[in-house]
Amino acid sequence: MTRVKIALGRVEAFAQLDEQDAPKSTTWLKEMLPIHGQAMHSMENGREVYLVLDAPRQIEEENQTIYQTVGDLIVYYKPAIFVRPEWPRHIRDFLVIGFIYERDSAIRGMSGPLATNLVGKITEGIDALAREAPRMRREGFGQMRISLA
Amino acid sequence: MSDRPRDTHVVPRKIRVSFPDNGVSAVADLLEADCPHTCEAIWDLLPMRVTVIHDIWSGHQVLAHLDNKVVLPPENVLTYLPIPGDIFYYYRPPHYFRGSPYGRCESAEIGIVYDRDTRPQGPRGPEAVSLFANISSDLEAFARACEDMIYRGQRDLLIEKAGYIG
Numbered sequence: 001m002t003r004v005k006i007a008l009g010r011v012e013a014f015a016q017l018d019e020q021d022a023p024k025s026t027t028w029l030k031e032m033l034p035i036h037g038q039a040m041h042s043m044e045n046g047r048e049v050y051l052v053l054d055a056p057r058q059i060e061e062e063n064q065t066i067y068q069t070v071g072d073l074i075v076y077y078k079p080a081i082f083v084r085p086e087w088p089r090h091i092r093d094f095l096v097i098g099f100i101y102e103r104d105s106a107i108r109g110m111s112g113p114l115a116t117n118l119v120g121k122i123t124e125g126i127d128a129l130a131r132e133a134p135r136m137r138r139e140g141f142g143q144m145r146i147s148l149a
Numbered sequence: 150m151s152d153r154p155r156d157t158h159v160v161p162r163k164i165r166v167s168f169p170d171n172g173v174s175a176v177a178d179l180l181e182a183d184c185p186h187t188c189e190a191i192w193d194l195l196p197m198r199v200t201v202i203h204d205i206w207s208g209h210q211v212l213a214h215l216d217n218k219v220v221l222p223p224e225n226v227l228t229y230l231p232i233p234g235d236i237f238y239y240y241r242p243p244h245y246f247r248g249s250p251y252g253r254c255e256s257a258e259i260g261i262v263y264d265r266d267t268r269p270q271g272p273r274g275p276e277a278v279s280l281f282a283n284i285s286s287d288l289e290a291f292a293r294a295c296e297d298m299i300y301r302g303q304r305d306l307l308i309e310k311a312g313y314i315g
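Which chain is which? The protein sequence lines are A and B, in order. Each residue of the first sequence is one higher than the last, beginning at 1 in the numbering used here. Each residue of the second sequence is one higher than the last, beginning at 150 in the numbering used here.
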């Protein structure tokens, strides 16, 4: 299994990609790595941190779930209204990669639960992420980098 | 003692909400006819300087925690969709939610909705809140400052009496 490093602000964590159940998504993701950009905290889903991806091609639905749990590494199209204040009205959503760092979180769309591609699981450092994300929420969000470990 | 006028239908009160760090402010009308006790209680607390943080469950909404002693009964309860500019009071007793959302086991708070596609929610789903005011001017700039908190984090908010309209 491929291991990736997630660096958020002052902390690092590691995740295992689920290449068996999400072969297309993980293959695509490995081609995208390293990913680096502005980290954002969810305003609608609870304890989720994500970054917007600039990907030219459509990501297929694969290994989907609406029951996200702590440590899930997910890829999905987030409604644009929850991403940018001045989003162009012809853009419906943005491709994002994110993770869930605490319970009581559920990804939702405009009218209900939103299925996400489960591409991996954080196996190390989730506690550090769970401390860092609220700190950045108070003090300001910085960068996130996801790379091969 | 409150300086509330006798005839609130003639002279409804207004409050100003402003961010001292950037000078952005907006004015809200108190909904005294529908939410008299909450309006009175909040009015008597003013002026107050609070820390606001962006909500993580509700959408386009920021919230400020009050002293937990500010416990008010539900009034003019809004359970579904607020409109941009709505300002509400909400209280959750100790251990109402699992864990301590926003670092608080118990919380009295004021929420401000700054854009559409928002619904007051917590870890257990939609929550009923007491709608007591609505921003009637300068919402646009105030909304941009609120959304900016997603990136910049929490900031101070000044809430003060803004007088009456005749």
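Yeah, the Cβ is synthetic: ideal placement off N, Cα and C, and Gly gets one too.
Am I right that Y237/B and L227/B are in contact with their C-beta atoms under 8 Å? What's the rounded C-beta distance?
Within the second sequence, numbered from 1, the residue matching residue 237/B stands at position 88. Within the second sequence, numbered from 1, the residue matching residue 227/B stands at position 78. Reading off the sequence shown, one finds Phe at residue 237/B, where the question assumed Tyr. F237/B to L227/B, Cβ: 6 Å. Contact.
Please identify, using Cβ separations under 9 Å, the residues of the region 183–206 of chain B that lie next to chain A, in order along the chain.
Residues passing the 9 Å Cβ filter: T200, I202, H203, D204, I205, W206.
Using a Cβ-Cβ cutoff of 7 Å, what residues of the region 297–313 of chain B are near chain A? List them in chain order.
Within the region 297–313 of chain B, the residues whose Cβ lies closer than 7 Å to any Cβ of chain A are, in chain order, I299, Y300, R301, G302, Q303.
In the DSSP assignment, the beta strand (DSSP E) including L95/A goes from what residue to what residue?
As a first step, residue 95/A must be located in the first sequence, where it is residue number 95. Unbroken beta strand (DSSP E) run through L95/A: 93–100.
From what residue to what residue does the alpha helix (DSSP H) around K24/A run?
Taking the first residue of the first sequence as 1, we reach residue 24/A at position 24. K24/A -> alpha helix (DSSP H) spans 23–32.
Could you name the residues of chain B that F141/A contacts, counting a contact when the two beta carbons are closer than 9 Å?
Sequence index remark: in the first sequence, residue 141/A carries index 141 (1-based). Within chain B, the residues whose beta carbon sits less than 9 Å from that of F141/A are I299, Y300, R301, G302, listed in sequence order.
Test: G208/B CB closer than 8 Å to a CB of chain A:
Translated into the one-based positions of the second sequence, residue 208/B becomes position 59. Answer yes: the Cβ-Cβ gap between G208/B and chain A drops below 8 Å somewhere.
Determine which residues share a DSSP beta bridge with I35/A and list them.
Position 35 of the first sequence holds residue 35/A. In the DSSP assignment, I35/A is bridged to I146/A.
By a C-beta neighbour count over all protein chains shown, 10 Å radius and 16 as the cutoff for buried, is S174/B buried or exposed?
Position 25 of the second sequence, counted from the start, is the residue given in the question as residue 174/B. Of the residues assessed, S174/B falls on the buried side of the cut-off, its CB having 16 or more other CB atoms within 10 angstroms.
How long is the line joining the alpha carbons of D287/B and P275/B, rounded to whole angstroms?
Here residue 287/B is taken as the residue at index 138 of the second sequence, counted from 1. Here residue 275/B is taken as the residue at index 126 of the second sequence, counted from 1. Going from the Cα of D287/B to the Cα of P275/B covers about 28 Å.
Please list the residues of the region 109–129 of chain A that have a C-beta atom closer than 8 Å to any C-beta atom in chain B, keeping them in chain order.
Hits within the stretch, in order: M110.
Would you decide whether A177/B is buried or exposed? Buried here means 16 or more other CB atoms lie within 10 Å of its CB.
As a first step, residue 177/B is located in the second sequence; it is residue number 28 there, counting from the start. Counting Cβ neighbours within 10 Å, A177/B comes out buried, since at least 16 surround it.
What span of residues does the beta strand (DSSP E) with E48/A cover, start to end?
Here residue 48/A refers to the residue found at position 48 of the first sequence. Counting along the chain, E48/A sits inside the beta strand (DSSP E) bounded by residues 48–52.
Could you confirm whether any beta carbon from chain B is found closer than 8 Å to the beta carbon of Y40/A?
Translated into the one-based positions of the first sequence, residue 40/A becomes position 40. Rather than Tyr, the amino acid found at residue 40/A in this sequence is Met. Closer than 8 Å to some Cβ of chain B, the Cβ of M40/A qualifies, so yes.
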